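Trainee: Mapped onto mature numbering (1 follows the signal peptide of the UniProt record, and there is no 0), the consecutive letters of the sequence shown carry residue numbers -25 to -1, 1 to 672. If you scroll down you'll find the structure; I have some questions about it.
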Amino acid sequence: MAPGSRPAGTLLLLLPLLLAVPAAGGGCAAEGGPLEPFDALYASGVEAFYGGDFAGAARCLERALRSRRELRAARLRCRRRCRAQVRLAEPGPGPGGDLRFFGSVLRRAGCVRRCEEPRLGAVSRHRAAEEVRSDFQRRVPYSYLQRAYIQLNRLEEAANAAHTFFMANPEHMEIQQDLENYKTTSGKVSLVDQEARPHMEDYSAGVRHYDKEEYELAIELLERALQGYYSEDEDCQIMCEGPQKFEEHEYLDYKAGLYEAIADHYMQVLACKHDCVRELATRSGRISPIENFLPLHYDYLQFAYYRVGDYVKALECARSYLLFHPDDEDVLENAGYYEGLLEGTVDPATIKPRKEARTLLRRHKLESHLLQVAAAGLGYAYTEPNYWNRYGARQDEHSVPSSISSEPEDGPRLSLTKKPMPKPDRELKEGGPLLYSDVKFVYNSQQLNGTQRVLLDNVISEEQCRELHRVASGIMLAGDGYRGKTSPHTPNERFEGATVLKALKYGYEGRVPLQSARLFYDISEKARRIVQSYFLLNSTLYFSYTHLVCRTALSGQQERRNDLSHPIHADNCLLDPEANECWKEPPAYTFRDYSALLYMNADFEGGEFIFTEMDAKTVTASIKPKCGRMISFSSGGENPHGVKAVTKGQRCAVALWFTLDPLYRELERIQADEVIAMLDQEHLGPSEMNINPKDEL
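Below, the structure written as structure tokens:
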């Protein structure tokens, strides 16, 4: 959420907290005494922000973030201390044998309470609402902080706050643009993620060095990432021992017996602990984890150690990886090769998988067993996820260590190959017929330096472009499709749009020529046919969304522009350039499969369509729009794209998104089909353009 307008829902949610907070210190209570609840400080910060007290807002929001960190640290410290001081006793035999066990439970609970209360106060003070916890997880306070810092002219802090928010919200285009502005105006290139998770930062840095064949640096960082991972895993396990929600029960009406109540709570704790491997592999703000995250550390390390000549560590890491994937042929082959290198110097049988990996996997399997027993015997709904998916859903070009030659070093050259990519949902093909004799093929995927891309010309004629442009001027609405935001992607351009149904409605009402309105419908159907045919799809391609759009450069705002007309993004996943990932999860339109843009004019400056690598910086292809030109491509992370700034004039196009899933057909398109059927019954006929192929190629 970017705090551009006052969010009534958020303030209503925080209102009880605002009423309970003293008005001292710009809405924040004076420091001292028990830790102030982070949700109350957050509420005060938001209220101060919308009241124009930006210094107070920054102070309260900073304290809210600090309070949340201190709350977690205090709970970890106390629970860890009480674990060490009060060991849980084993139940004894006979009547009263369970008293020893429950006595130790009570003593540990008392220990935790005595440890926490001096710093935290009453436990109930720190039970924030789910919506507030979600805001912190999505780093929303940093969005407010960025705006407050700007008002206070604290630009370096604003840049770091914006970067911190963006790392959890890579789809947020306004923040993306703010970051580019910071880099240009202040020359600040190195930004700080104030909520960075060290084990993930070290892992990403280690992989980057690995890709550059800087193996010693890669080893140092990946080993540090593993240490951080296991430390975070322990913390995650401890934090799961906090309060749990009884999802199927209202607490006051809860009538379960002693053992049912214990089982209910413990199984939720256990499920939380079991899911720590997913939590530690998931980047902030994301839902999906990095697939195969923990095993990949050992996979990278086994080859890196080999390349620096440490064959003992190489074999140790290979065997650690094989704990998770015992049938991985590539790493089995590598392990055999390392054993051969060690013959005569070290007994390979003495080299075992790492202890921490064995311990974690043993615990994880036991947790899984208990959860499945509970599901069968106590009526819990539980399905075991695949935590160690070997190939995951990676679509990028990260090199992953795998097989090496078993020849000696003075023999054939050792090779490093990539593990196979996951099989896509469909077989990727291209080169099918274009269906219409006047359509001209220009470039294919290879010529456009990518995957599933095609550039075509003469999809519509000059006359049709002019007619469509006249229709656009009569039906487009500023901010259409973006909740009325006239400049949703950049403040330097005005955005206007219209849908097919709106065009037909205006035509039927006589507000624009009906034949011209129908032209929009007909050319979009022609584009759909071409895309389905060219990419050789063996199932029907449906419209997901159809939008006639124009971007107009605003006069007086074009000097020294350094932004994009439409920032780099992917159409069915959330592009995360820092992680080199594209997360196929909401709010992305995950059901989109193919996209197309059909251009209507060329009489403007700038506005080139560009493809990039997943870093959102390296341009792989640039396309200058002109009448009748169409670019089409698959909608996933393999095709990040954007639009360069329109610096003069107006750029218009028909934007089309398609899906192979009929459940996600465009509702307005279905309604438009009904309008067309009605018009045909009234003998109004199609537009001058025949959408049926004249000469199928």
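Ideal Cβ positions, reconstructed from N, Cα and C, are used throughout, including at glycine. What you are looking at is a predicted structure, and each value in this text was computed from that prediction instead of being measured.
In whole angstroms, give me the CA-to-CA distance for N156 and Y124.
Mentor: Going from the Cα of N156 to the Cα of Y124 covers about 15 Å.
Trainee: Q202 by DSSP, collapsed to three states: which one?
Mentor: It is helical.
Trainee: Just curious, the alpha helix (DSSP H) that Y124 is in, first and last residue?
Mentor: V115 to Q126 is the extent of the alpha helix (DSSP H) around Y124.
Trainee: Under the rule that 16 or more other beta-carbon atoms within 10 Å means buried, what is Y234, buried or exposed?
Mentor: Label assigned to Y234: exposed.
Trainee: Do P615 and F586 come within 8 Å of each other at the CB atom, strictly closer than that value?
Mentor: For F586 and P615, yes; Cβs fall inside 8 Å.
Trainee: I'd like to check one pair, V487 with V446: are the Cβ atoms closer than 8 Å?
Mentor: Yes, they are a contact pair.
Trainee: Please list the terminal residues of the continuous beta strand (DSSP E) segment that includes residue 685.
Mentor: No information on residue 685 is available, as it lies outside the stretch -25 to 672 that the chain covers here.
Trainee: Which one or two residues does DSSP pair with A577 in a beta bridge?
Mentor: DSSP, once it has assigned bridges, lists no residue as partnering A577.
Trainee: Do the CB positions of E641 and S519 come within less than 8 Å of each other?
Mentor: It is a contact, given that the beta carbons lie within the stated cut-off.
Trainee: Using 8 Å as the threshold, is the segment 419 to 439 in touch with the segment 584 to 602, meaning 3 or more CB pairs across them?
Mentor: Touching, yes, given that three or more Cβ pairs across the two stretches are closer than 8 Å.
Trainee: Using 8 Å as the threshold, is the segment 616 to 631 in touch with the segment 513 to 529, meaning 3 or more CB pairs across them?
Mentor: The segment 616 to 631 is in contact with the segment 513 to 529.
Trainee: Distance, Cα to Cα, E11 vs L127?
Mentor: Cα to Cα, the separation comes out at about 25 Å.
Trainee: For D210, which option in L255, D177, N364 and V182 has the closest C-alpha, if you only look at C-alpha atoms?
Mentor: With distances taken between Cα atoms, D210 lies closest to L255.
Trainee: Going straight from the alpha carbon of T595 to that of M589, what length do you get?
Mentor: If I take the Cα positions, the gap works out to 10 Å.
Trainee: Roughly how far, in whole angstroms, is the beta-carbon of L197 from the beta-carbon of Y312, given that I think they are within contact range, below 8 Å?
Mentor: Between Y312 and L197 the Cβ distance is about 21 Å, and since that is not below 8 Å, they are no contact.
Trainee: Ignoring anything shorter than 4 residues or poking outside the segment 29 to 90, list the alpha helix (DSSP H) runs there in chain order.
Mentor: For the segment 29 to 90, whole alpha helix (DSSP H) runs of length 4 or above, ordered along the chain, are 29 to 60.
Trainee: If we count the other Cβ atoms within 10 Å of its Cβ and call it buried at 16 or more, is S99 buried or exposed?
Mentor: Exposed is the call here.
Trainee: In angstroms with no decimal places, state the Cα-to-Cα distance between M214 and Y357.
Mentor: So the alpha carbons of these two residues sit roughly 21 Å apart.
Trainee: Report the rounded CA-to-CA distance for residue 678 versus L290, giving the unit in angstroms.
Mentor: Residue 678 falls outside the range modelled here, since the chain spans only -25 to 672, and no answer is possible.
Trainee: Can you name, in chain order, every residue of its own chain whose Cβ lies under 7 Å from the Cβ of L166, other than the five neighbours on each side?
Mentor: Once the five neighbours on either side are set aside, the close Cβ partners of L166 are A134, N135 and H138.
Trainee: If you draw a straight line from the alpha carbon of D186 to that of R329, how long is it in whole angstroms?
Mentor: Distance between the alpha carbons of D186 and R329 is about 24 Å.
Trainee: Look up L430 in the DSSP assignment and give the residues it is bridged to.
Mentor: Partner(s): Y418 and I606.
Trainee: Nearest by alpha-carbon distance to V61: which of F76, G71, S609 and A473 is it?
Mentor: It is F76 whose Cα lies nearest to the Cα of V61.
Trainee: Determine the direct distance from the alpha carbon of L550 to that of E556, and round the result to whole angstroms.
Mentor: Cα-Cα distance, rounded: 6 Å.
Trainee: Check the C-beta distance from R253 over to P270 and give it rounded, since I have them as a contact under 8 Å.
Mentor: Not confirmed; about 14 Å, so no contact.
Trainee: Quick check: the segment 491 to 511 against the segment 472 to 483, are there 3 or more CB pairs under 8 Å?
Mentor: Yes, the segment 491 to 511 touches the segment 472 to 483.
Trainee: Alpha carbon to alpha carbon, how far is R44 from Y286? Give it in angstroms, no decimals.
Mentor: The alpha-carbon atoms of Y286 and R44 are separated by roughly 42 Å.
Trainee: Got a sec, what are the start and stop residues for the alpha helix (DSSP H) A310 sits in?
Mentor: It spans E304 to L317 - the alpha helix (DSSP H) in which A310 sits, taken as one unbroken run.
Trainee: Given A(-6), which residues of its chain have a CB within under 6 Å of its CB, disregarding the five upstream and five downstream residues?
Mentor: Residue placement at A(-6) is flagged as unreliable, the pLDDT there being 44, under the threshold of 50; a coordinate-derived value is accordingly withheld.
Trainee: Shortest alpha-carbon distance to E359 belongs to which of V621, A246 and E643?
Mentor: Comparing Cα-Cα distances from E359 to each of V621, A246 and E643, the minimum goes to A246.
Trainee: To the nearest angstrom, report how far apart G411 and S607 are at their CA atoms.
Mentor: One detail in the question is off: residue 411 reads as Tyr in this sequence, not Gly. Their Cα atoms are separated by approximately 16 Å.
Trainee: Note down the Cα distance separating L317 from S118, rounded to an integer number of angstroms.
Mentor: Distance between the alpha carbons of L317 and S118 is about 55 Å.
Trainee: I'd like the list of long-range same chain contacts for N467, defined as Cβ closer than 8 Å, with 5 residues on each side in sequence excluded.
Mentor: Closer than 8 Å at the Cβ level, and outside the excluded window around N467, lie A528, L529, Q532, Q533, R536, D538 and A620.
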